[in-house]
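There are 2 protein chains.
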Amino acid sequence: MIDTHIASAFDRDLETIQALIMKMGGLVEDAILKAATSLETRDEELAEEVRDNDRAIDELEEQINEEAARIIAIRQPAAVDLRVILCVMKIAANLERIGDYAKNMAKRTTVLSQMAQIHGATASIRRMAKEVERMLKDVLDAFVQRDAATANAVIHRDEDVDQMYNALFREFLTFMMEDPRNITACMHLHFIAKNTERMGDHATNIAEQVIYLVTGEVPDDKRPKDDRTSTDPNVAPA
Amino acid sequence: MIDTHIASAFDRDLETIQALIMKMGGLVEDAILKAATSLETRDEELAEEVRDNDRAIDELEEQINEEAARIIAIRQPAAVDLRVILCVMKIAANLERIGDYAKNMAKRTTVLSQMAQIHGATASIRRMAKEVERMLKDVLDAFVQRDAATANAVIHRDEDVDQMYNALFREFLTFMMEDPRNITACMHLHFIAKNTERMGDHATNIAEQVIYLVTGEVPDDKRPKDDRTSTDPNVAPA
Numbered sequence: 001m002i003d004t005h006i007a008s009a010f011d012r013d014l015e016t017i018q019a020l021i022m023k024m025g026g027l028v029e030d031a032i033l034k035a036a037t038s039l040e041t042r043d044e045e046l047a048e049e050v051r052d053n054d055r056a057i058d059e060l061e062e063q064i065n066e067e068a069a070r071i072i073a074i075r076q077p078a079a080v081d082l083r084v085i086l087c088v089m090k091i092a093a094n095l096e097r098i099g100d101y102a103k104n105m106a107k108r109t110t111v112l113s114q115m116a117q118i119h120g121a122t123a124s125i126r127r128m129a130k131e132v133e134r135m136l137k138d139v140l141d142a143f144v145q146r147d148a149a150t151a152n153a154v155i156h157r158d159e160d161v162d163q164m165y166n167a168l169f170r171e172f173l174t175f176m177m178e179d180p181r182n183i184t185a186c187m188h189l190h191f192i193a194k195n196t197e198r199m200g201d202h203a204t205n206i207a208e209q210v211i212y213l214v215t216g217e218v219p220d221d222k223r224p225k226d227d228r229t230s231t232d233p234n235v236a237p238a
Numbered sequence: 001m002i003d004t005h006i007a008s009a010f011d012r013d014l015e016t017i018q019a020l021i022m023k024m025g026g027l028v029e030d031a032i033l034k035a036a037t038s039l040e041t042r043d044e045e046l047a048e049e050v051r052d053n054d055r056a057i058d059e060l061e062e063q064i065n066e067e068a069a070r071i072i073a074i075r076q077p078a079a080v081d082l083r084v085i086l087c088v089m090k091i092a093a094n095l096e097r098i099g100d101y102a103k104n105m106a107k108r109t110t111v112l113s114q115m116a117q118i119h120g121a122t123a124s125i126r127r128m129a130k131e132v133e134r135m136l137k138d139v140l141d142a143f144v145q146r147d148a149a150t151a152n153a154v155i156h157r158d159e160d161v162d163q164m165y166n167a168l169f170r171e172f173l174t175f176m177m178e179d180p181r182n183i184t185a186c187m188h189l190h191f192i193a194k195n196t197e198r199m200g201d202h203a204t205n206i207a208e209q210v211i212y213l214v215t216g217e218v219p220d221d222k223r224p225k226d227d228r229t230s231t232d233p234n235v236a237p238a
């Protein structure tokens with residue numbers, strides 16, 4: 001009887017902490033979409049909203065960490081339950097990083113609004129951001145459902161995001177070479193594109209946590225984690 | 001008697017895990033310096049060594065996480081001891097990220113070796129990297145000594161690294177505007193500079209963990225975490 005009681009108390013704790021993760025995930029998804037929209041439409045009010053909302057995301061991470069420490073201390077969970085708690089903390093850390101990148105994108109909106117527009121660039125970034133947001137949504141659903149297959153699919157979708165980034169990198173080089181007045185704007189846009197690609201990496205990290213949680217195994221480290229521009233000498237003829 | 005026995009077993013566990021952190025820190029410091037040197041001297045063999053050694057860093061992080069989970073499961077530590085274990089895991093995660101940035105720097109060495117050199121840029125990056133390596137060394141010593149004052153000093157030194165980065169950002173813009181043939185090389189160098197600045201942010205994160213460990217309080221979030229180029233419209237007249 002006592003065992004059952006303790007187990008269900010732990011399960012309730014786990015539900016609470018998972019609910020916090022989903023709440024945090026919702027805020028982060030919102031931040032990604034709003035940051036990309038603010039960039040495309042040069043909406044500084046929306047950008048400010050994203051910057052302000054990042055505090056709520058950071059606070060949720062702290063709350064999740066405190067709750068996790070509290071659960072470990074009080075429930076003294078067995079190895080397998082402990083694994084869940086540690087995974088949750090890692091997922092929260094990855095969400096916090098994605099939120100930071102969205103905030104950074106929103107910050108650059110203000111700077112870029114003062115410069116000439118680079119044709120098509122912000123629309124491409126918005127498409128990338130939308131794909132990352134979908135990956136994040138799916139991987140958080142996979143977390144709640146303990147669905148390793150969906151998590152694995154998210155890892156593979158990250159390759160598309162990497163390809164979108166590589167295409168943008170080349171595009172920015174071309175814009176800069178065509179007209180030096182584009183250089184400053186392109187440097188900022190390039191950062192945003194790179195940070196969006198990194199958001200995808202963090203969604204992939206979450207997917208790996210989900211797979212570890214379900215299967216007990218860390219997925220192959222063979223996936224292309226980096227953008228190819230770091231090793232490809234032919235990124236663009238200089 | 002039993003309590004003393006349990007406490008000292010936990011202390012021994014803690015020493016083991018701290019030793020792993022110091023070992024990991026040593027490898028990461030080495031990676032930072034070697035990556036920066038390989039970039040400056042165009043030493044592709046050294047760059048390859050850095051890329052290969054990153055695996056050992058990743059494996060140490062895994063080992064630390066497993067050891068931490070084992071200690072929590074076996075020792076069922078009280079809240080204050082649990083805090084130490086969770087801090088250690090966060091420090092390991094930050095070290096792993098710094099190692100990744102060093103690996104990325106080493107990867108770009110190969111690409112940059114095929115391009116015209118940008119006067120002084122790699123030397124400036126090497127100085128930045130050296131400062132980050134010193135911050136990392138000091139903050140890990142502060143961790144072992146439970147020295148919040150030194151950790152706090154590291155946080156403030158990160159402002160110098162941010163300034164070095166901001167100066168380099170402006171320099172790269174100038175080089176690119178002067179001669180479009182510099183654009184591709186400058187894009188890579190800019191990434192490396194940004195990633196070095198991020199290494200400093202991670203050293204700062206470790207410092208915050210140390211302060212939390214010693215004082216039980218999270219330091220003020222008032223420090224400038226971001227580079228100023230994301231919000232300063234005057235980064236360079238376009």
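These protein sequence lines map, in sequence, to chains A and B.
Read in full-length UniProt numbering, the first sequence has 132 at position 132, and its numbers run on one by one without any break.
Read in full-length UniProt numbering, the second sequence has 81 at position 81, and its numbers run on one by one without any break.
C-beta atoms are modelled at their ideal positions from N, C-alpha and C, and glycine is treated no differently.
Keep in mind it's a predicted model, so treat the numbers as computed, not measured.
Contacts with chain B at 8 Å (Cβ-Cβ) include residue 76 of chain A. Shown here, residue 210 of chain A sits in a helix according to DSSP, grouped into three states. Counted as a single uninterrupted DSSP element, the alpha helix (DSSP H) harbouring residue 126 of chain A occupies residues 121 to 145.
For residue 117 of chain A, the three-state secondary structure derived from DSSP is coil. The C-alpha of residue 79 of chain A is placed about 22 Å away from the C-alpha of residue 142 of chain A.
Within 8 Å of the CB of residue 27 of chain B, no CB atom of chain A is found; the nearest one sits about 18 Å away.
Nearest neighbour of residue 128 of chain B by Cα position, chosen from B:47, B:75, B:181, B:33, turns out to be B:33. Considering only beta carbons, the part of the region 167 to 181 of chain B lying closer than 7 Å to chain A consists of 173, 176, 177, 180, 181, in chain order.
Under the three-state reduction of DSSP, residue 19 of chain B is assigned to helix. Taking CB atoms only, residue 72 of chain B has a neighbour in chain A less than 8 Å away. The C-beta of residue 79 of chain A comes closer than 8 Å to at least one C-beta of chain B. Assignment of residue 63 of chain A by DSSP, reduced to helix, strand and coil, places it in the helix class.
When C-beta distances to chain B are compared with 9 Å, the residues of the region 187 to 206 of chain A below that value are 187, 188, 190, 191, 194, in chain order. Interface residue (Cβ-Cβ distance to chain A less than 8 Å): residue 184 of chain B is classified as such. Between residue 124 of chain A and residue 42 of chain A the beta-carbon gap is near 16 Å, outside 8 Å, which marks them as no contact.
Residue environment analysis places residue 199 of chain A among the buried positions, since at least 16 neighbouring C-beta atoms fall within 10 angstroms of its C-beta. Listed along chain B is no residue with a C-beta nearer than 9 Å to that of residue 60 of chain A; the closest approach is about 15 Å.
Going by DSSP, residue 76 of chain B is part of no alpha helix (DSSP H) at all; its letter is neither H nor E. For residue 82 of chain B, the neighbours in chain A by C-beta distance under 9 Å run, in chain order, 69, 72, 73. A:24 is the residue among A:24, A:64, A:70 whose C-alpha sits nearest the C-alpha of residue 54 of chain A. Annotation: Cβ neighbours of residue 86 of chain B in chain A (cutoff 7 Å, chain order): 69. Counting along the chain, no alpha helix (DSSP H) covers residue 218 of chain A, and no H or E run does either. Per the coordinates, the alpha-carbon of residue 18 of chain B lies some 27 Å from the alpha-carbon of residue 219 of chain A. Contact between residue 169 of chain B and residue 118 of chain B is absent: CB atoms are separated by about 13 Å, not below the 8 Å threshold. Distance from the Cα of residue 192 of chain A is smallest, within the candidate group A:87, A:110, A:13, for A:110. Unbroken beta strand (DSSP E) stretches of 3 residues or longer found wholly inside the region 76 to 110 of chain B: none. Pairwise C-beta distances place the region 160 to 167 of chain B out of contact with the region 157 to 164 of chain A, as fewer than three of them are shorter than 8 Å. At the C-beta level, residue 28 of chain A and residue 98 of chain A come within 8 Å of one another. In this structure, the beta-carbon distance from residue 137 of chain A to residue 50 of chain A does not fall below 8 Å.
Shown here, residue 43 of chain B sits in coil according to DSSP, grouped into three states, outside any helix or strand.
Less than 8 Å divides the Cβ of residue 203 of chain A from the Cβ of residue 132 of chain A.
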